[in-house]
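Novice: First to last, the sequence lines map onto chains A and B. What the first sequence shows, in this note's numbering, is residues 106 to 416, in sequence order. What the second sequence shows, in this note's numbering, is residues 78 to 436, in sequence order. Backbone N, C-alpha and C define an ideal beta-carbon position, used for all residues, glycine too. Please read these numbers as outputs of a predicted model, since none were measured by experiment.
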Amino acid sequence: MDSIPLEPEAVQTKDYRSNSLFWVTLRSIFRQRSAIIGGTILIILVLVAIFAPLLAPYDPEEVLIGKEDISKRQAPCIHLLGCPEDQPQHILGVDGNVRDEFSRVIYGTRVSLFIGFSTVGFAIIVGTLLGALGGYIGGWVDNLIMRVMDVLLAFPSLLLAIAIVTVLGRGLQNALLAIAIVSIPRYARVIRGSVLSIKEQEFVSASRALGGGHMHILFRRILPNAIPPLIVQGTLGIAAAILEAAALSFLGLGAQPPTPEWGTMLGSERNQVFTAPHLVFFPGLAIMVTVLSFNLLGDGLRDAIDPRLKE
Amino acid sequence: MTQYTIRRILYSIPVLIGILIVTFVIARSIPGDPCKAMLGEKATAEVCERFNREQGLDKPIPVQFWIYMKDIARGNFGRSIRYSRPVTIILIERLPLTLELGAIALILAILVGIPLGVLSAVKRNSIIDVITMLIANTGVSMPVYWLGLMLAYVFALVLRGTPIALPPSGRVTAGVMPTPFYEVFGMAVVDGTFKYHFLEFFANIYTFNSILVGEWDVLWDTLKHLILPSVALSTIPLSIIARMTRSSMLEVLRQDYIRTARAKGLRERLVILKHAFRNALLPISTIIGLQLGTLFAGAVLTESIFGLAGVGRMLFEAITARDFPIVQAFTVVIAVGYVIANLLVDLSYAFIDPRIKLD
Chain A
106 MDSIPLEPEA
116 VQTKDYRSNS
126 LFWVTLRSIF
136 RQRSAIIGGT
146 ILIILVLVAI
156 FAPLLAPYDP
166 EEVLIGKEDI
176 SKRQAPCIHL
186 LGCPEDQPQH
196 ILGVDGNVRD
206 EFSRVIYGTR
216 VSLFIGFSTV
226 GFAIIVGTLL
236 GALGGYIGGW
246 VDNLIMRVMD
256 VLLAFPSLLL
266 AIAIVTVLGR
276 GLQNALLAIA
286 IVSIPRYARV
296 IRGSVLSIKE
306 QEFVSASRAL
316 GGGHMHILFR
326 RILPNAIPPL
336 IVQGTLGIAA
346 AILEAAALSF
356 LGLGAQPPTP
366 EWGTMLGSER
376 NQVFTAPHLV
386 FFPGLAIMVT
396 VLSFNLLGDG
406 LRDAIDPRLK
416 E
Chain B
78 MTQYTIRRIL
88 YSIPVLIGIL
98 IVTFVIARSI
108 PGDPCKAMLG
118 EKATAEVCER
128 FNREQGLDKP
138 IPVQFWIYMK
148 DIARGNFGRS
158 IRYSRPVTII
168 LIERLPLTLE
178 LGAIALILAI
188 LVGIPLGVLS
198 AVKRNSIIDV
208 ITMLIANTGV
218 SMPVYWLGLM
228 LAYVFALVLR
238 GTPIALPPSG
248 RVTAGVMPTP
258 FYEVFGMAVV
268 DGTFKYHFLE
278 FFANIYTFNS
288 ILVGEWDVLW
298 DTLKHLILPS
308 VALSTIPLSI
318 IARMTRSSML
328 EVLRQDYIRT
338 ARAKGLRERL
348 VILKHAFRNA
358 LLPISTIIGL
368 QLGTLFAGAV
378 LTESIFGLAG
388 VGRMLFEAIT
398 ARDFPIVQAF
408 TVVIAVGYVI
418 ANLLVDLSYA
428 FIDPRIKLD
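(1) Could you say if the region 204 to 224 of chain B and the region 394 to 403 of chain A meet the contact criterion of at least three C-beta pairs nearer than 8 Å?
(2) In chain D, which residues lie with their C-beta within 9 Å of the C-beta of Arg294 (chain A)?
(3) Looking at the C-beta of Ala352 (chain A), does it have a partner C-beta in chain B at a distance below 8 Å?
(4) Are the beta-carbon atoms of Leu372 (chain B) and Ala122 (chain B) separated by less than 8 Å?
(5) Compile a chain-ordered list of the residues in the region 369 to 400 of chain A whose CB is closer than 7 Å to at least one CB of chain B.
(6) Can you look up Glu173 (chain A) in the DSSP assignment and give me helix, strand or coil?
(7) By Cβ distance, which residues of its chain are closer than 8 Å to Ser316 (chain B), with the 5 residues on each side in sequence left out?
(8) Can you check whether the C-beta of Thr214 (chain A) is within less than 8 Å of a C-beta belonging to chain B?
(9) What residue does the alpha helix (DSSP H) around Val416 (chain B) start on, and which one ends it?
(10) Measuring straight from C-alpha to C-alpha, what distance separates Phe142 (chain B) and Gln132 (chain B)?
(11) In angstroms with no decimal places, state the Cα-to-Cα distance between Val195 (chain B) and Glu328 (chain B).
(12) Please list the terminal residues of the continuous alpha helix (DSSP H) segment that includes Glu301 (chain B).
(13) What did DSSP end up calling Val249 (chain B) once you bin it into helix, strand or coil?
(14) Indicate the three-state DSSP secondary structure (helix, strand or coil) for Cys112 (chain B) in the structure shown.
(15) With burial defined as no fewer than 16 other Cβ atoms inside 10 Å of the residue's Cβ, what is the status of Asp404 (chain A): buried or exposed?
(16) What are the start and end residues of the alpha helix (DSSP H) that includes Phe275 (chain B)?
(17) Taking Cβ-Cβ distances shorter than 8 Å, what residues in chain B pair up with Gly274 (chain A)?
(18) Look at Leu226 (chain B) and Val385 (chain A) and say whether their C-beta atoms are less than 8 Å apart.
(19) Measuring only the C-alpha atoms, how far is Lys172 (chain A) from Ala344 (chain A)?
(20) Is it right to say Glu177 (chain B) is buried, meaning 16 or more other beta carbons lie within 10 angstroms of its own, or is it exposed?
(21) Quick check: what's the CA-CA separation for Thr100 (chain B) versus Phe275 (chain B)?
(22) Give the interface partners of Asn214 (chain B) over in chain A, defined as CB-CB distance under 8 Å, in chain order.
(23) Below 8 Å, can you find three or more Cβ-Cβ pairs linking the region 161 to 170 of chain A to the region 211 to 223 of chain A?
(24) Do Ser325 (chain B) and Ile361 (chain B) come within 8 Å of each other at the CB atom, strictly closer than that value?
(25) Are any of the Cβ atoms in chain A nearer than 8 Å to that of Trp223 (chain B)?
(26) Counting only runs that start and end within the region 321 to 393 of chain A, where is the beta strand (DSSP E) found for 3 or more residues in a row?
(27) Considering only the alpha carbon of each residue, which of B:Ala386, B:Pro192, B:Ser425 and B:Asn356 lies closest to Ile318 (chain B)?
(28) When every heavy atom of the ligand SAM is checked, does at least one fall within less than 7 Å of the C-beta of Ala314 (chain A)?
(29) To be precise: take each residue of the region 331 to 352 of chain B, compare its Cβ to all Cβ atoms of chain A, and keep it if any distance is under 7 Å. Which residues remain?
(30) In or out: Val267 (chain B) buried (at least 16 other Cβ within 10 Å) or exposed?
(31) Checking the sheet assignment: what are the DSSP bridge partners for Cys182 (chain A)?
(32) According to the Cβ coordinates, are Pro244 (chain B) and Thr250 (chain B) closer than 8 Å?
(33) Output yes if chain B places a C-beta closer than 8 Å to the C-beta of Ser262 (chain A); else output no.
(34) With distance defined between alpha-carbon atoms, name the residue in B:Glu126, B:Arg156 and B:Leu359 nearest to Val422 (chain B).
(35) Leu401 (chain A) and Ile142 (chain A) look like a contact to me (Cβ under 8 Å); what is the Cβ gap, rounded to whole Å?
(36) Can you list, in chain order, the residues of its chain with a C-beta nearer than 6 Å to that of Leu289 (chain B)? Leave out the 5 residues immediately preceding and following it.
Right under this line is the structure:
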């Protein structure tokens, strides 16, 4: 009996481990150029954030007046590029309060990554709960939740965030909360959509037939299957959150000085763009690179996980 | 179709009411006593009591909300605290600039974004595609205000004295004064009347007014001042439209009927434009509708960078000054405008794609 050739299905199950969904997905992620580029930039940024104290030559909030012979808003001085050796080196120059711009940009990575992950984390948790409840229970609960989400989506998000910060008071914490609230609908919608389609599938009915309670079915059976699109939305959402937080800070509503936040740094030197463009250019560039990395990674993940999810 | 239109309109009513509730709640929750804000910190308790009675602030919240809804329905948004003028008048003064800026930015985004996306899809994986998508991805990730400042730096300072130098702020060069079209046409209007504000609204759209009147130097001057802000404002919508066009085109180009069209010997240009592009238009139009929100939010930033007295900048100033009648009115107008625009986009589906019976 040993000589009977294996059925095609049996051949497939032999390689079960390396063909599991996880590995298949991981492999297709690595085939996406944009995911690799985005992911690489992101890893570098995370490393910069972690090792900021080692990379930054100065304390980001240290005022250098009286400590070094420099004036405020001094242009970048790089010894390798011919800046006289007797001048102190400031790769990106110094800002209006005579602080080392490079150190501030480096430390800004910490603030921005924290903003991105914390707001999106909060929004995902609340959005998932709302979307899952709506999709699972249906009826008027679903209707109510989704209409509230519609209303939130009816406001341009930055505008609503500005309004919420006005009520709560300016400051980084309130800005984060505002951005998180504003981005809840996008996650609620994604999860609701997934829950609606998953709850009709057979394995859910099977679980119900086996006597699984509602909580068990929702949290152990349905939600784990709804996660992939959420990862994509979350990654793209971090990009949006960082951009919005920087805009709020730029307007003076978010992080307050002397916090080394890129939007704040840019905002406080905006009127000096003609005399000290480096103080506007570099923080903005940092925002762009960070947002770009999340956007690229998100795009790549989407193409890898579910190409149908495009926009 | 009619049935769908009616249902779609009815469907947006709860959203509109929701918008009114949210703005009402936000405006009422802005910290600070409205009486003290309006009449000054030294207002006595009696004065404040009378003020609250006059403004209806002593009534229960649901009654206040009802009054607020009735006022909005009549186009009465109250008086600005800071300027002590009717908010509706301020809105009429400020809106034309924002509409002009937004429209030019949107036109720019569509006229550049769609061809870029189509080109990118047709030449998939070529160097053109890679570069276009690189630009689009960078554009989406760019802070509007940063781009605005950098453009101002390059075009107003670095290129100063060259023919392509552009002004970094303002609406027109100092001294240039557009003549309102109603004066040129000899229309008799009395200051402060409805007719005056109505005509003034259109006269305040400088590009429109100068074309109507034939003041070409004013038109050129206005456009020159609008180039930098509208380029900055259009980057994000442009990039999003380009990306959407690309992916939508790629989706369509895979279809069987495209192969059929090619097989029957149609010229490639015709296949792309007539068969593929028309079918790719639906998701593109949806995304264009959604960009209006980006444009409004971007206007807050762009207008404050380029020193333009539009709705966005006014709204921001009002928020920082706690001028809540303005905050309330402007937010409502923007959100309602956004909902209506997206409603129109939804309704346009039937015209773009006849297969949609909209039942």
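Specialist: In brief:
(1) Segments in contact, yes.
(2) Annotation note: the requested chain D is absent from the structure, which comprises protein chains A and B.
(3) On the first sequence, position 247 is the one that residue 352 (chain A) refers to. Among the residues facing chain B, Ala352 (chain A) is included, as its CB has a counterpart in that chain under 8 Å away.
(4) Reading the second sequence from its first residue, position 295 is the one you call residue 372 (chain B). Reading the second sequence from its first residue, position 45 is the one you call residue 122 (chain B). At a Cβ-Cβ threshold of 8 Å, Leu372 (chain B) and Ala122 (chain B) do not count as neighbours.
(5) Listed by position, the residues of the region 369 to 400 of chain A near chain B (Cβ gap below 7 Å) are Leu371, Arg375, Val378, Phe379, Pro382, Val385, Phe386, Gly389, Ile392, Met393, Val396, Leu397 and Asn400.
(6) Here the question's residue 173 (chain A) lines up with position 68 in the first sequence. Strand.
(7) Counting from 1 along the second sequence, the entry for residue 316 (chain B) is found at position 239. These residues qualify, in order along the chain: Gly190, Ile212, Ala213, Asn214, Thr215, Gly216 and Val217.
(8) Along the first sequence, read from residue 1 onward, the residue named residue 214 (chain A) stands at position 109. For Thr214 (chain A), the answer is no, since every Cβ of chain B falls outside 8 Å of its Cβ.
(9) Start at 1 with the first residue of the second sequence, and residue 416 (chain B) comes out as number 339. Counting along the chain, the alpha helix (DSSP H) containing Val416 (chain B) begins and ends at Phe401 to Ile429.
(10) Counted from its first residue, the second sequence places residue 142 (chain B) at position 65. Counted from its first residue, the second sequence places residue 132 (chain B) at position 55. Using only the alpha carbons, I get a separation of about 12 Å.
(11) Along the second sequence, one-based indexing puts residue 195 (chain B) at 118. Along the second sequence, one-based indexing puts residue 328 (chain B) at 251. In this model, Val195 (chain B) and Glu328 (chain B) are separated by some 12 Å (Cα to Cα).
(12) On the second sequence, position 224 is the one that residue 301 (chain B) refers to. Note on residue identity: the sequence assigns Lys, not Glu, to residue 301 (chain B). Per DSSP, the unbroken alpha helix (DSSP H) holding Lys301 (chain B) starts and ends at Trp293 to Leu330.
(13) Taking the first residue of the second sequence as position 1, residue 249 (chain B) is located at position 172. Three-state result, Val249 (chain B): coil.
(14) Position 35 of the second sequence, counted from the first residue, corresponds to residue 112 (chain B). In this structure, Cys112 (chain B) counts as helix in the three-state DSSP scheme.
(15) On the first sequence, residue 404 (chain A) is found 299 positions in, with the first residue counted as 1. Answer is buried; the Cβ neighbour count reaches 16.
(16) Here residue 275 (chain B) refers to the residue found at position 198 when the second sequence is read from its first residue. Phe271 to Ala280 is the extent of the alpha helix (DSSP H) around Phe275 (chain B).
(17) Translated into positions along the first sequence, residue 274 (chain A) becomes position 169. Within chain B, the residues near Gly274 (chain A) are Pro108.
(18) Taking the first residue of the second sequence as 1, we reach residue 226 (chain B) at position 149. Taking the first residue of the first sequence as 1, we reach residue 385 (chain A) at position 280. Taking 8 Å as the cut-off, the Cβ atoms of Leu226 (chain B) and Val385 (chain A) count as close.
(19) The residue given as residue 172 (chain A) occupies position 67 in the first sequence. The residue given as residue 344 (chain A) occupies position 239 in the first sequence. One C-alpha to the other measures close to 38 Å.
(20) Translated into positions along the second sequence, residue 177 (chain B) becomes position 100. Around the beta carbon of Glu177 (chain B), 16 or more other beta carbons lie within 10 angstroms, which makes this residue buried.
(21) Along the second sequence, one-based indexing puts residue 100 (chain B) at 23. Along the second sequence, one-based indexing puts residue 275 (chain B) at 198. Rounded to whole angstroms, Thr100 (chain B) to Phe275 (chain B) spans 26 Å at the Cα level.
(22) Here the question's residue 214 (chain B) lines up with position 137 in the second sequence. By Cβ distance, chain A contributes Ser139, Leu397, Asn400, Leu401 and Asp404.
(23) For the pair of segments examined, the region 161 to 170 of chain A was found to touch the region 211 to 223 of chain A: the number of CB pairs separated by less than 8 Å reaches three.
(24) To locate residue 361 (chain B), count along the second sequence from 1; it is residue 284. To locate residue 325 (chain B), count along the second sequence from 1; it is residue 248. Yes.
(25) Locating residue 223 (chain B) in the second sequence gives position 146, where the first residue counts as 1. Residue-level contact by beta carbon holds for Trp223 (chain B) and chain A, with a gap shorter than 8 Å.
(26) Complete beta strand (DSSP E) runs here, min 3: none at all.
(27) Position 241 of the second sequence, counted from the first residue, corresponds to residue 318 (chain B). Closest in C-alpha terms to Ile318 (chain B), from the list B:Ala386, B:Pro192, B:Ser425 and B:Asn356, comes B:Pro192.
(28) This structure simply doesn't include the ligand SAM, nor any ligand for that matter.
(29) Under the 7 Å Cβ criterion, the region 331 to 352 of chain B contributes no residue.
(30) For the purposes of this step, residue 267 (chain B) is taken as residue 190 along the second sequence, with counting starting at 1. Taking a 10 Å sphere around the C-beta of Val267 (chain B), we find fewer than 16 other C-beta atoms and assign the residue as exposed.
(31) By 1-based counting over the first sequence, the position of residue 182 (chain A) is 77. Bridge partners of Cys182 (chain A): A:His195.
(32) As a first step, residue 244 (chain B) is located in the second sequence; it is residue number 167 there, counting from the start. As a first step, residue 250 (chain B) is located in the second sequence; it is residue number 173 there, counting from the start. For Pro244 (chain B) and Thr250 (chain B), yes; Cβs fall inside 8 Å.
(33) As a position in the first sequence, residue 262 (chain A) is number 157, starting the count at 1. Answer yes: the Cβ-Cβ gap between Ser262 (chain A) and chain B drops below 8 Å somewhere.
(34) Residue 422 (chain B) sits at position 345 when you count from the first residue of the second sequence. Distance check between Val422 (chain B) and each of B:Glu126, B:Arg156 and B:Leu359 places B:Leu359 closest, using alpha-carbon atoms only.
(35) As a first step, residue 401 (chain A) is located in the first sequence; it is residue number 296 there, counting from the start. As a first step, residue 142 (chain A) is located in the first sequence; it is residue number 37 there, counting from the start. Indeed, because the Cβ distance is near 5 Å, the residues count as touching under 8 Å.
(36) Numbered from 1 along the second sequence, position 212 holds the residue referred to as residue 289 (chain B). Within the same chain, Leu289 (chain B) has close Cβ partners Phe258.
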